[in-house]
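Structure first, then comments.
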Amino acid sequence: MSNVVCVNAVHPIESHAVSLIERALKKYKFPFSRFGVEVNIDFKIKDFAKHNIVLDPESRSLQGSIRIDINGLFLHQYPSIYFNNCIPHELAHIFHELTFEKKGMDVDYPHGIEWQQWVKKINSSADLSSSGPAEFDNRSICWNYGGLPTTCNCDGEFGFRVQPNNKNWIKKLKEKMAICKTCNAPYTIQKDNTLIPQRFIKEVEFINDRICKQASHE
Ligand SMILES: [Zn+2]
Ligand SMILES: [Zn+2]
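Okay, so the sequence shown: first residue is 3 according to our numbering, each after it adds one.
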């Protein structure tokens, strides 16, 4: 019987991520009898992963549920970085927070020494950066979920930026007040998809294809 529930892992890479999570939790004696764990393969989140611990307020012992959101795009693009760094990073947060919770303390430094020790325990060669790998680029995710695609005069992928889709930014772009620091040209909203670097078009297609596959699997 599986201790970790995931209803939308529909690709071998995704299932592998879920089994790695389960294996690591088991190895470090995660209290499955007191916590339900759900993993969600998400193609909308902008971060590489997220977790949420909900404690049962009625109970005197530590129990509740935990949800881990995995960034599906990054997982597919860089599986080995994801397995070696991102999963240990996120699981270390969970162990760290639960250990502190048990002691009745709040975590004051999320990426502090105790967290680092957990990361190293889970994978001694994992990266300890708090922000995630430099390879991860969420521009296509931001664009796919309503961000404004803009370009400046810089070449290729570098000249593509996705700006927040709100009144302030629309005004700023119309007034040519959002300036690229490299070429000094204003960013303008790019309505012609053929002028957007292919990579982002392909990533958006990939994201939407995976979402369809998840939906048809339900
Ligand atoms: Zn973190
Ligand atoms: Zn530029």
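Each residue gets a CB set at the ideal place from its N, CA and C atoms; glycine is no exception.
Quick one: what does DSSP say residue i is sitting in, helix, strand or coil?
{"i": "K31", "result": "coil"}
{"i": "K46", "result": "coil"}
{"i": "D71", "result": "strand"}
{"i": "A94", "result": "helix"}
{"i": "N195", "result": "helix"}
{"i": "K176", "result": "helix"}
{"i": "P81", "result": "helix"}
{"i": "T101", "result": "helix"}
{"i": "A187", "result": "coil"}
{"i": "E40", "result": "strand"}
Taking residue i and residue j to be in contact with their CB atoms under 8 Å, please state how far apart those CB atoms are, rounded to whole angstroms.
{"i": "E159", "j": "R212", "result": "In fact, because the Cβ distance is near 22 Å, the residues do not count as touching under 8 Å."}
{"i": "I72", "j": "I43", "result": "5 Å"}
{"i": "L75", "j": "I209", "result": "6 Å"}
{"i": "F50", "j": "C88", "result": "5 Å"}
{"i": "C144", "j": "C185", "result": "Rounded, the Cβ-Cβ distance is 21 Å, inconsistent with contact."}
{"i": "E40", "j": "R69", "result": "5 Å"}
{"i": "I181", "j": "P188", "result": "6 Å"}
Residue i: beta carbon under 7 Å from a heavy atom of ligand 2?
{"i": "G114", "result": "no"}
{"i": "T152", "result": "no"}
{"i": "A187", "result": "yes"}
{"i": "T190", "result": "no"}
{"i": "C2", "result": "Residue 2 lies beyond the residue range present for the chain, which begins at 3 and ends at 220; the question has no answer from this structure."}
{"i": "G158", "result": "no"}
{"i": "N170", "result": "no"}
{"i": "C73", "result": "The question names Cys, but residue 73 in the sequence shown is Asn. No."}
{"i": "G161", "result": "yes"}
Heavy atom of ligand 1 less than 7 Å from the Cβ of residue i, yes or no?
{"i": "H98", "result": "no"}
{"i": "S4", "result": "no"}
{"i": "H95", "result": "yes"}
{"i": "S132", "result": "yes"}
{"i": "H91", "result": "yes"}
With a floor of 4 residues, list each alpha helix (DSSP H) that falls wholly inside the stretch 110–173, ordered by position along the chain.
-> The stretch 110–173 contains these whole alpha helix (DSSP H) runs: 115–124, 141–146.
So, do the stretch 16–29 and the stretch 83–97 have three or more beta carbon pairs nearer to each other than 8 Å?
-> In short, these stretches touch, since the Cβ pair count reaches three.
Ignoring anything shorter than 4 residues or poking outside the stretch 5–30, list the alpha helix (DSSP H) runs there in chain order.
-> Whole alpha helix (DSSP H) segments, 4+ residues: 14–29.
At a cut of 8 Å, does the stretch 159–177 reach the stretch 124–131 through at least three beta carbon pairs?
-> Put simply, the stretch 159–177 does not touch the stretch 124–131. Fewer than three CB pairs are less than 8 Å apart.
Is the stretch 49–67 touching the stretch 10–21 in the sense that three or more CB pairs, one from each, lie closer than 8 Å?
-> By the Cβ test, the stretch 10–21 is not in contact with the stretch 49–67, since fewer than three Cβ pairs between them sit closer than 8 Å.
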